[in-house]
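Below: one structure, written as structure tokens.
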Amino acid sequence: MAKPSKRSRQIADLIHMQMAFLLKKEVSDPRLNQLSITSVRVSPDLANADIYFTFPQGTHLEEVKKALAKALGYLRHRLAERVELRYVPRLNFLYDKSLEQGSKISALIEYALSEDDRIKKQSTTDDDSEKNKT
90 MAKPSKRSRQ
100 IADLIHMQMA
110 FLLKKEVSDP
120 RLNQLSITSV
130 RVSPDLANAD
140 IYFTFPQGTH
150 LEEVKKALAK
160 ALGYLRHRLA
170 ERVELRYVPR
180 LNFLYDKSLE
190 QGSKISALIE
200 YALSEDDRIK
210 KQSTTDDDSE
220 KNKT
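First residue of the sequence shown: 90, per this note's numbering; consecutive thereafter.
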């Protein structure tokens, strides 16, 4: 995959900052006030912006998606008012699974380490039993 251009990174950073502000301060839906924008990626032609988000536990993804779909026009309009761009990219909100995946990987590592310790202890116990038999 090609490295993003300096301009697309600048626009992504700008959208990230402005979208975080809009969701926290200007959107009245409490489901959206709790969202965290984790990253923004802008397409090379600057026509699309993928906005990755997470939300607190206890919130349902489907409800958040519905709220975002309802607020999408307002968010794009307010973004256009707040940034100086000839064309505001189409906004695509995507749930960021990386934190979830990171937690699963951490849990697997913890499990593997505990199993390793258990096997080492069992091996040591078995060795001691063999020594006592002789």
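A virtual CB, placed ideally from N, CA and C, is assigned to each residue, including glycine.
Can you tell me where the beta strand (DSSP E) holding alanine 138 begins and where it ends? The residue labelled residue 138 in the question sits at position 49 within the sequence shown. Start and end: 137-143.
Does DSSP put tyrosine 184 in a helix, in a strand, or in coil? In the sequence shown, the residue the question calls residue 184 occupies position 95. Reduced to three states, the DSSP call for tyrosine 184 is strand.
Going along the chain, which residues of its own chain have a beta-carbon closer than 7 angstroms to the beta-carbon of phenylalanine 142, five neighbours each way excluded? As a position in the sequence shown, residue 142 is number 53, starting the count at 1. Result list for phenylalanine 142: Leu124, Ser125, Ile126, Thr127, Phe182, Tyr184, Asp185, in chain order.
Among residues of its own chain, excluding the 5 on either side of leucine 112, which ones have a beta-carbon nearer than 6 angstroms to its beta-carbon? Residue mapping note: residue 112 aligns to position 23 of the sequence shown, counting from 1. Excluding sequence neighbours, leucine 112 sits near Leu121, Leu124.
What are the boundary residues of the alpha helix (DSSP H) that includes arginine 171? Against the sequence shown, residue 171 aligns to sequence position 82. 150-171 is the span of the alpha helix (DSSP H), which, as asked, contains arginine 171.
Taking only beta-carbon positions, decide if aspartate 102 is within less than 7 angstroms of chain C. You won't find chain C in this structure, because it holds only one protein chain.
With three or more beta-carbon pairs closer than 8 angstroms as the criterion, would you say the stretch 146-154 touches the stretch 205-212? no
With distance defined between alpha-carbon atoms, name the residue in Lys155, Leu161, Arg167, Val172 nearest to aspartate 102. Taking the sequence shown and counting its residues from 1, the one referred to as residue 102 is at position 13. It is Val172.
Report back the beta-carbon spacing between glutamate 115 and arginine 179 to the nearest angstrom; my notes put them in contact at under 8 angstroms. If you number the sequence shown from 1, residue 115 lands on position 26. If you number the sequence shown from 1, residue 179 lands on position 90. Incorrect: roughly 20 angstroms between the Cβ atoms, too far for contact.
Would you report the Cα separation of tyrosine 163 and glutamate 199, rounded to the nearest angstrom? To locate residue 163, count along the sequence shown from 1; it is residue 74. To locate residue 199, count along the sequence shown from 1; it is residue 110. Rounded to the nearest angstrom, the two C-alpha atoms are 44 angstroms apart.
Could you round the C-beta distance between isoleucine 104 and alanine 138 to whole angstroms and report it? I think they count as a contact, below 8 angstroms. Translated into the one-based positions of the sequence shown, residue 104 becomes position 15. Translated into the one-based positions of the sequence shown, residue 138 becomes position 49. Rounded, the Cβ-Cβ distance is 5 angstroms, consistent with contact.
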